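For reference, the structure is listed below as structure tokens.
In the working numbering, the protein residues as written are 115 to 420.
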């Protein structure tokens with residue numbers, strides 16, 4: 115049922131309720147012994163409805179319902195057209211990346227894995243994490259829309275085969291540490307309902323490719339993984355800064371040891387100089403004592419060696 119029909123149905127039900135209320139009031143008044151004129155009461159109620167602009171309200175609701183239905187049809191066509199749906203998924207992916215990561219941590223449609231260009235990528239200390247947002251959602255829609263049980267099973271198998279083919283391609287293209295990637299990549303599904311179907315109906319397939327490095331993610335789970343990647347990058351940065359501090363401390367320790375060696379050498383020289391000065395001072399004292407003990411028995415100067 116169209117959205118317009120639902121809204122108008124609700125309005126009509128409200129209108130019928132008001133009309134029924136009017137008739138009930140008239141019946142009650144008619145059965146009473148009061149002198150109230152039923153025509154006057156009806157006119158008063160009708161005037162009240164008019165003053166409430168009930169008709170204009172119905173018209174505005176109908177107009178807005180038409181706009182909502184038009185927007186719903188446009189959105190439905192957007193998701194049904196493969197190209198537009200793919201662009202919608204890429205835009206959604208870019209918004210998520212910008213919400214969770216710093217601009218320098220990710221890129222959109224850049225050739226970063228050899229000659230391959232993923233829909234998006236995240237730069238981590240361990241390498242590039244590629245994100246592929248292409249997914250066979252049309253096969254899933256065929257499975258949902260099929261009414262015949264046999265056709266439904268056939269479309270379900272076709273959807274599974276298409277998913278497996280896409281996961282295998284992601285593994286070949288974007289799980290390549292020799293080309294600078296990490297040992298895993300993301301297969302992004304822009305639909306929580308499709309993701310739920312896969313983890314409940316095709317869990318073995320997802321587990322197998324997770325072991326091979328392809329992780330299937332939805333908008334919700336991708337957000338959590340992006341936060342983990344950001345935390346890991348921050349931890350790596352802190353670790354690198356801590357190592358830099360340790361390097362500076364080691365260099366400072368080496369310089370301190372060098373200064374300590376120089377000071378020890380200088381102190382030794384100073385000690386030797388002080389000892390030499392003491393020796394000279396003692397020698398000078400002996401010379402002075404010798405002068406004081408000059409013996410002149412024959413009129414000549416005589417210096418007695420000490």
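The beta carbon of each residue, even a glycine, is placed where N, CA and C say it ideally should be. The structure presented is a predicted model; accordingly, all values stated were derived computationally and were not measured.
Local Cβ density within 10 Å of residue i, reported as buried at 16 or more and exposed below that
i	result
residue 299	buried
residue 341	exposed
residue 301	buried
residue 205	exposed
residue 186	Its pLDDT being 45, under 50, residue 186 is placed unreliably in this model, and the coordinates cannot settle the point.
residue 365	exposed
residue 325	exposed
residue 310	exposed
residue 328	buried
residue 247	buried
residue 345	exposed
residue 370	exposed
residue 383	exposed
residue 232	buried
residue 236	buried
residue 379	exposed
residue 405	exposed
residue 338	exposed
residue 308	buried
residue 244	buried
residue 239	exposed
residue 269	buried
residue 234	buried
residue 428	This structure cannot settle anything about residue 428, because the visible part of the chain is limited to 115 through 420.
residue 334	exposed
residue 304	buried
Residues bridged to residue i [DSSP beta-bridge criterion]
i	result
residue 238	241
residue 230	227
residue 213	DSSP, once it has assigned bridges, lists no residue as partnering residue 213.
residue 246	301
Which of helix, strand or coil DSSP assigns to residue i
i	result
residue 221	strand
residue 433	There is no way to answer for residue 433, as the model of the chain reaches only from 115 to 420.
residue 192	Confidence at residue 192 is low in this model, with a pLDDT of 45, below 50, so its placement is unreliable and the value that follows should be read with caution. In this structure, residue 192 counts as helix in the three-state DSSP scheme.
residue 393	helix
residue 205	helix
residue 407	coil
Residue range of the unbroken beta strand (DSSP E) whose run includes residue i
i	result
residue 330	328-331
7 angstroms Cβ cutoff, residue i in contact with chain B
i	result
residue 311	In summary, chain B is missing from the structure at hand, where a single protein chain is found.
Terminal residues of the alpha helix (DSSP H) in which residue i lies
i	result
residue 284	263-288
residue 325	317-325
residue 251	251-259
So does the region 243-261 actually touch the region 314-322, counting three or more Cβ pairs closer than 8 angstroms?
-> no
Should the region 285-298 be regarded as contacting the region 247-257, the criterion being three or more beta carbon pairs within less than 8 angstroms?
-> no
Hey, is the region 268-287 in contact with the region 316-330, meaning 3+ C-beta pairs nearer than 8 angstroms?
-> yes
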